[in-house]
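**Q** Encoded as C-alpha cells, here's the structure I'll be asking about.
Chains as they are written, first to last, in our numbering: chain A, 11 to 124; chain B, 1155 to 1268.
Structural data, given as C-alpha cells:
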C-alpha cells in the first residue's frame, strides 16, 4: 500500500492554464505539506496543513491555492500557470506538527509548463 | 532563523570506498537534525535523525551521522558504499523557533562508480 500518493505523476500544460495536483496519505497523519523542488534539486516548503488548518504559508504567489478537504487529503490548485512554475512538486505528511517528526514524501508530480 | 549548508554539491566515490557527506547548520537554539535520501525519480525518505541523547546516530542502509554541537555539524558517513547508494542526499534542520518548518539543504549528489 502506498503511504503518500500523488496524482498525476506527470503534468504537461500550456502557459496560462489552470491545473490541480492531488495528494492522499493513508498513514493517519495529522499534518500534510507541499514542497517545490526546482531543477537544481532545491526543496522549498510552500504550505502545510494540520487537521485541515493552514499552519505554514510561505511566500508563494497567490496563484497557488491549497485545499484540504480532510486530514488525509491535500490538493494544490495552480491558476494561470507560468514557465517558472515548472518543477517537481512533492506532497509529504507527518504525524504531528512537531519539529521532531519524520516527514513521509510522495513520489512527486513533475509539472512542465510550455 | 535556522539554515543548513551542504558543503559539497557532488561527491563521486568508488564502490566499497568510505564516504562522508558534510552538513553544517546554524540555529540559535537547540536543533533537531535529519538526513533524507532521494533516489532517482522518487520522493525523499528518512535515513536518520538526531533529536537528543547520543551524538552518534545510526540509520538505515549502513549510514550513520555524528552531531557536533561545537562545530555545528551533522556529517553523514558510510564505511563502504554500494552502487545502489547513488542518490541525492539532503540534510535538514528544525528547531523550536522555526514555526513548524523543516529547512532543507541544497542536497549532495553521491555518485558511486564501479
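Cβ atoms here follow ideal geometry from the backbone N, Cα and C, with glycine treated the same way.
Compile a chain-ordered list of the residues in the segment 1216 to 1250 of chain B whose CB is closer than 7 Å to at least one CB of chain A.
**A** 1242, 1244, 1248, 1249, 1250
**Q** If you measure from the beta carbon of residue 76 of chain A to each beta carbon in chain B, is any gap under 8 Å?
**A** Within the first chain, residue 76 of chain A is the residue found at index 66, counting from 1. Not an interface residue.
**Q** Report the neighbours of residue 113 of chain A on chain B: residues whose CB is nearer than 9 Å to its CB, in chain order.
**A** Counting from 1 along the first chain, the entry for residue 113 of chain A is found at position 103. Neighbours of residue 113 of chain A on chain B, chain order: 1188, 1190, 1198, 1200, 1246, 1256.
**Q** Could you name the residues of the same chain whose beta carbon sits closer than 6 Å to that of residue 1164 of chain B, not counting the 5 residues immediately before and after it, in chain order?
**A** Locating residue 1164 of chain B in the second chain gives position 10, counting from the first residue. 1263.
**Q** Where does the unbroken beta strand (DSSP E) through residue 1160 of chain B begin, and where does it stop?
**A** Here the question's residue 1160 of chain B lines up with position 6 in the second chain. Counting along the chain, the beta strand (DSSP E) containing residue 1160 of chain B begins and ends at 1157 to 1160.
**Q** Looking at residue 42 of chain A: is its Cβ nearer than 8 Å to the Cβ of residue 35 of chain A?
**A** Locating residue 42 of chain A in the first chain gives position 32, where the first residue counts as 1. Locating residue 35 of chain A in the first chain gives position 25, where the first residue counts as 1. Yes.
**Q** So, at 8 Å on beta carbons, what are the nonlocal neighbours of residue 1218 of chain B in its own chain, with the 5 sequence-adjacent residues on each side left out?
**A** Start at 1 with the first residue of the second chain, and residue 1218 of chain B comes out as number 64. The residues are 1202, 1210, 1211, 1212, 1230, 1231, 1232.
**Q** Distance cutoff 8 Å, beta carbons only. Does residue 1205 of chain B sit that close to anything in chain A?
**A** Residue numbering aside, residue 1205 of chain B sits at position 51 when the second chain is read from its first letter. Answer yes: the Cβ-Cβ gap between residue 1205 of chain B and chain A drops below 8 Å somewhere.
**Q** Give a yes or no on whether the C-beta atoms belonging to residue 1190 of chain B and residue 1200 of chain B are separated by under 8 Å.
**A** Here residue 1190 of chain B is taken as the residue at index 36 of the second chain, counted from 1. Here residue 1200 of chain B is taken as the residue at index 46 of the second chain, counted from 1. Yes, the pair counts as a contact, with Cβ atoms nearer than the cut-off.
**Q** Is the CB of residue 121 of chain A under 8 Å away from at least one CB in chain B?
**A** As a working mapping, residue 121 of chain A is identified with position 111 in the first chain. Output row for residue 121 of chain A: interface = no.
**Q** Output the boundary residues of the beta strand (DSSP E) element that contains residue 1193 of chain B.
**A** The residue labelled residue 1193 of chain B in the question sits at position 39 within the second chain. For residue 1193 of chain B, there is no enclosing beta strand (DSSP E), since its DSSP letter is neither H nor E.
**Q** Using a 10 Å radius around the Cβ and a threshold of 16 neighbouring Cβ atoms, would you call residue 1250 of chain B buried or exposed?
**A** Along the second chain, read from residue 1 onward, the residue named residue 1250 of chain B stands at position 96. So residue 1250 of chain B ends up on the exposed side.
**Q** From the beta carbon of residue 1261 of chain B, is the nearest beta carbon of chain A less than 8 Å away?
**A** For this step, residue 1261 of chain B is matched to residue 107 along the second chain. Chain A, which has a Cβ nearer than 8 Å to the Cβ of residue 1261 of chain B, makes this yes.
**Q** In chain B, which residues lie with their C-beta within 7 Å of the C-beta of residue 58 of chain A?
**A** Along the first chain, read from residue 1 onward, the residue named residue 58 of chain A stands at position 48. Simply 1254.
**Q** When burial is assigned at 16 or more other CB atoms within 10 Å of the CB, is residue 1255 of chain B buried or exposed?
**A** For this step, residue 1255 of chain B is matched to residue 101 along the second chain. Classification of residue 1255 of chain B: buried, given that the 10 Å Cβ count is 16 or more.
**Q** Please decide whether residue 110 of chain A counts as near chain B, where near means a Cβ-Cβ distance under 8 Å.
**A** Reading the first chain from its first residue, position 100 is the one you call residue 110 of chain A. At least one chain B Cβ lies under 8 Å of residue 110 of chain A.
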